[in-house]
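Residue numbers (my numbering), protein chains in the order written: chain A, 356 to 467; chain B, 132 to 245.
Read the structure below first, then the notes.
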């Protein structure tokens with residue numbers, strides 16, 4: 356079953372613009388993670404935010420978490436063509452033995 | 132540090148045939164995961180090992196799928212017999228002992244069942 360659902364399903368922006376993706380989930384979590392997947396490749400971990408954190412930064416990435424709304428957002432600033440990929444949120448539900456449940460992903464296209 | 136290795140990268144088989152995938156996790160990682168990713172969807176966990184013991188296999192179709200992790204290192208996932216709906220990318224991931232806070236993924240095996 357899907358725990359996280361990303362919105363939008365697809366996003367097309369111009370290089371240099373910011374990209375925002377949202378994730379909603381259903382149950383209480385230990386942490387929420389964002390992964391990137393380039394076409395035909397495995398997933399790469401981007402950032403992890405714990406349930407007691409509200410915001411986290413890593414380079415051009417900014418993640419927020421609102422546990423009251425069970426939602427998270429990923430902001431990529433000053434996007435580059437190389438950021439073109441699918442982005443997935445994954446939740447580590449409480450009591451799950453570190454089992455990650457992935458959403459369906461947002462496909463981001465950054466046009467040069 | 133070497134990443135998660137998987138083989139083969141691609142496999143084409145006919146329905147009702149069998150197929151096996153291999154995964155070698157990052158050295159020292161106690162936890163190993165197999166995921167199935169159908170085109171256009173997120174990865175779905177099939178089975179999770181902690182060392183050589185199964186932690187979660189609730190979404191593994193046990194009538195046709197099997198997995199083992201002998202000696203707590205590398206792992207194989209087998210499908211027998213394959214169905215058309217098994218066409219997907221099979222991803223292996225590992226994480227260090229102490230939890231799955233960050234999972235490291237291999238490149239995946241793309242399976243096409245005809």
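Each residue gets a CB set at the ideal place from its N, CA and C atoms; glycine is no exception.
query, result
"Residue(s) in a DSSP beta bridge with residue 245 of chain B", "Answer is none; residue 245 of chain B lacks a bridge partner."
"Pair within 8 Å by beta-carbon distance, residue 134 of chain B and residue 237 of chain B", "yes"
"Status (buried if at least 16 other CB within 10 Å, exposed otherwise) for residue 145 of chain B", "exposed"
"Residue 170 of chain B - DSSP class collapsed to helix/strand/coil", "coil"
"Cβ-based burial, residue 356 of chain A [other Cβ within 10 Å; buried from 16]", "Note that residue 356 of chain A scores a pLDDT of 47, beneath 50, so its modelled location is shaky; the value from the coordinates is reported in the next line. With fewer than 16 other Cβ atoms within 10 Å, it is exposed."
"Distance between beta carbons of residue 437 of chain A and residue 391 of chain A, contact taken as under 8 Å", "Actually they are not in contact, since the Cβ atoms of residue 391 of chain A and residue 437 of chain A sit about 10 Å apart, beyond 8 Å."
"Residue 442 of chain A, enclosing beta strand (DSSP E) - first and last residue", "440-448"
"Distance between residue 426 of chain A and residue 159 of chain B (C-alpha atoms, nearest Å)", "34 Å"
"Nearest-angstrom Cα separation, counted from residue 363 of chain A out to residue 443 of chain A", "11 Å"
"Between the CA atoms of residue 419 of chain A and residue 136 of chain B - distance to the nearest angstrom", "32 Å"
"Test: residue 386 of chain A CB closer than 8 Å to a CB of chain B", "yes"
"Straight-line Cα distance separating residue 220 of chain B from residue 169 of chain B", "6 Å"
"Amino acids of chain B, ordered along the chain, whose beta-carbon sits closer than 9 Å to that of residue 396 of chain A", "236, 238 and 239"
"Nearest residue (CA-CA) to residue 421 of chain A, options A:434, A:401 and A:383", "A:383"
"C-beta neighbour in chain B for residue 400 of chain A, strict 8 Å", "yes"
"Per-residue contacts from residue 176 of chain B into chain A (C-beta, under 8 Å)", "454, 455 and 456"
"Neighbour-count burial assignment, residue 467 of chain A, 16 or more Cβ in a 10 Å radius", "exposed"
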